[in-house]
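Below is one structure, written out as structure tokens, with a few remarks after it.
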Amino acid sequence: MSRVPVAPLVKFLVFAVVTALATTVLALTIANSQGGERTDYSARFTDASGLLPGDDVRIAGVVVGTVDSVEIVDRRFAQVGFSVDSAQKLPGSVTAAVLYKNLIGQRFLSLAQGDGGNPVPLPPGGEIPVQRTTPPLDLTTLFNGFQPLFAALDPEQVNKLSMEIVEVLQGQGGTIDSLLSSTASLTSTIADRDQVIGQVIDNLDAVLRTVSDNDQQLNDLIVSLRELVSGLAGDRKPIGDAIASLGDLTTTTAGLLEEGRPALKQDIASLGDLSDQLNQGEPTIEHFLQFAPYKLNKLGRAASYGSWFQFYLCGLSGSVGIGGLVPAQELPVFQSDAPRCGADPSGSGGESPPLLPAPSNLPIPSQLPALPPLPVLGGGS
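Below, the structure written as structure tokens:
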């Protein structure tokens, strides 16, 4: 019967035990789990946003427990339940604050001694009142205030300075030296851009001066703009109806253009032919336009000496329309105000004028003088 080697077996057992212990410690560290008994407490906050069950509970930076629950009570408070090692006795004056663990938003519950030094410890299940709790810092408001400074830094400097600002404002004073160093670096960076900043300030000063000089006009503009907006708000229904009608008009216009496109295309082609004909007859047209005024003047002078023309122009009008799409519209072009173009051009009072003028007064036959006797022909007695 062969014997099993003892040395390799011992080495394997030692390796297995060490590995199990290391794994257990690592798991407890990751899970923030600690052995031993725990004592439950609670704290009331006006704001506990970001604090989650499982987050650390720390005293002087050392993890002593975990957050168990976060609930809303009385509609305006956050009740945070937490547990700490039973070996850690909390004083009656203990204070609680929600602090930032890092810039990605993780938080932890920090416990401190508080003022007064009450020797009576906080009983198990006791509650820290809202007067001795501090809500988390509002990073959005904080960083918005530092936005002009962050614009002058690169991302790495922004992250470093932001973390140090958070730590200082949360009471971790050990980072003040580093914060001052970062502030000095920021100041140096701003000093290097002094000329640019000076130009910006000068331009801003000019803008503010212009706004100040035109304060009344600016005020009138704002008032007018407010009245305009109020008017538009009051007329929003008619404006909406007008927009809808505009859509219908656009559709109708598109249809009109679509229907008229062939005829318009043909007219444009015919205009080309007309232009060619006008170009060919340019000498004749030019001669007509040049001598027509003289001939019309001569014709007018000849007509002024007698009634050579029995027609005259009293008015001229026309109408424009497009089939059944656009109704015909009358376009008065000319209207004479001469008497002969009035309501009674002949002056006869509505009666038919005589064809011939009335004869003048002739003598009556009885009043004519007697004729002398005629001589007898033939010479008889």
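Residue numbers in the sequence shown follow this note's numbering, run continuously in steps of one, and reach 730 at the last position.
We treat Cβ as the ideally placed atom computed from N, Cα and C, and that holds for glycine.
Nothing here was measured: the structure is a model prediction, and the numbers come from that model.
query, result
"Residue 461, DSSP secondary structure in three states", "strand"
"Burial state of residue 746 (16 or more Cβ within 10 Å)", "Any property of residue 746 remains undetermined from this structure, which presents the chain solely from 350 to 730."
"Contacts around residue 419, its chain only, beta-carbon distance under 8 Å, and the 5 residues preceding and following it disregarded", "397, 400, 401, 402, 427, 428, 429, 430"
"N- and C-terminal bounds of the alpha helix (DSSP H) containing residue 566", "564-583"
"Residues that DSSP places opposite residue 431 in a beta bridge", "390, 416"
"Rounded straight-line distance, which links the Cα of residue 478 to that of residue 445", "9 Å"
"Under the three-state DSSP convention, the category residue 401 falls into", "coil"
"Proximity of residue 471 and residue 448 at Cβ, strictly below 7 Å", "no"
"Alpha-carbon to alpha-carbon, residue 358 and residue 387", "40 Å"
"Reduced DSSP category for residue 373 - H, G, I as helix; E, B as strand; rest coil", "helix"
"Cβ-based neighbour list, residue 591, same chain, cut-off 8 Å, excluding 5 preceding and 5 following", "none"
"Rounded separation between residue 556 and residue 563 - CA only", "11 Å"
"Bounding residues of the beta strand (DSSP E) (the contiguous stretch that carries residue 447)", "444-449"
"Beta carbon of residue 432 nearer than 7 Å to that of residue 389", "yes"
"Residues near residue 462 in its chain [Cβ-Cβ closer than 8 Å; skip 5 each side]", "440, 442, 443, 444"
"DSSP state of residue 425 mapped onto helix, strand, coil", "coil"
"Spatial distance of residue 425 from residue 410 (CA atoms)", "29 Å"
"Exposure of residue 414, with buried meaning 16 or more beta-carbon neighbours within 10 Å", "buried"
"Coil, strand or helix - residue 685 by DSSP", "coil"
"Span separating the alpha-carbon of residue 637 from that of residue 689", "32 Å"
"Assigned exposure category for residue 595 - 16 Cβ within 10 Å defines buried", "exposed"
"Candidates 423, 624, 561, of which the one nearest residue 393 by Cα", "423"
"Spatial neighbours of residue 676 in its chain, beta-carbon cut-off 8 Å, leaving aside the 5 residues before and after", "670"
"Sheet register partners of residue 664 (DSSP bridge)", "684"
"Nearest to residue 480 (by Cα), restricted to the options 487, 464, 453", "464"
"Simplified DSSP state of residue 524, which is helix, strand or coil", "Only weak support is given to the placement of residue 524: the predicted model assigns it a pLDDT of 49, under 50, and the question is left unresolved by the model."
"Sub-7 Å separation of residue 457 and residue 417 beta-carbons", "no"
"Residue(s) in a DSSP beta bridge with residue 477", "392"
"Minimum C-alpha distance to residue 454 - residue among 476, 485, 469, 598", "485"
"Distance cut-off 6 Å: residue 504 Cβ against heavy atoms of the ligand NAD", "The model depicted lacks the ligand NAD and carries no ligand whatsoever."
"Under the three-state DSSP convention, the category residue 609 falls into", "helix"
"Per-residue burial, residue 406 [other beta carbons within 10 Å of its own, 16 or more giving buried]", "buried"
"For residue 542: DSSP bridge partner residues", "Bridge partners of residue 542: none, in fact."
"Bridge-paired residues (DSSP) for residue 408", "411, 460"
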